[in-house]
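Following the numbering used here, the numbering of the sequence shown begins with 816 at its first residue and continues without gaps.
Built from N, CA and C at the ideal position, the CB exists for glycine as well.
Everything on this sheet refers to the single structure shown next.
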Amino acid sequence: MKDLIAYCGLDCEQCEARTATLHDDNTLREKVAKHWSELNGVEITPAMINCTGCRVDGVKTPYCESLCPIRQCALGRNVGTCGDCAELETCGKVGMIIGNNPDALRNLKHGMNHE
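Following this line, the structure appears as structure tokens:
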């Protein structure tokens, strides 16, 4: 599986936070922080928008680093992604992501076959 597929199946290569980090783009950080603040109803500052990817070494957003229940669960279970977990189809943690994003579910179910 591509290293830039997150534990939940989202594609980190498509994440604007990762793009802003790689290009040190403060304008994009500001845009992402504003958008994510509105979506989540919490204050997210541009300084928080630094991430190299969920499953790769490097910096993570504060949420991804320590608050994301999906990432914490996968790390605790020592699985490559949620696709390696027997509870994928019934899991409440990853359920909202894969229920709303067919690409994420596809990445988790078929990612190992498409390196």
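So residue 874 and residue 836 are in contact, right, with Cβ under 8 Å, and what is the actual spacing, rounded?
The pair is a contact, with the Cβ atoms about 7 Å apart (cut-off 8 Å).
Please report the straight-line C-alpha distance between residue 927 and residue 877, rounded to a whole angstrom.
Caution applies to residue 927, whose pLDDT of 47 falls short of 50 and renders its modelled position unreliable; the model cannot decide the point.
Taking the beta carbon of residue 865 as the centre, do at least 16 other beta carbons fall within 10 Å, making it buried, or is it exposed?
buried
Given a threshold of 16 other Cβ atoms within 10 Å of its Cβ, counted over all protein chains shown, does residue 920 qualify as buried or as exposed?
buried
Assuming residue 917 is part of the alpha helix (DSSP H), what are its boundary residues?
Per DSSP, residue 917 is one residue of the alpha helix (DSSP H) stretching across 917 to 925.
Should residue 832 go down as buried or exposed, given a rule of 16 or more other Cβ atoms within 10 Å for buried?
buried
Where residue 819 and residue 828 are concerned, what is the direct C-alpha to C-alpha distance, given to the nearest angstrom?
6 Å
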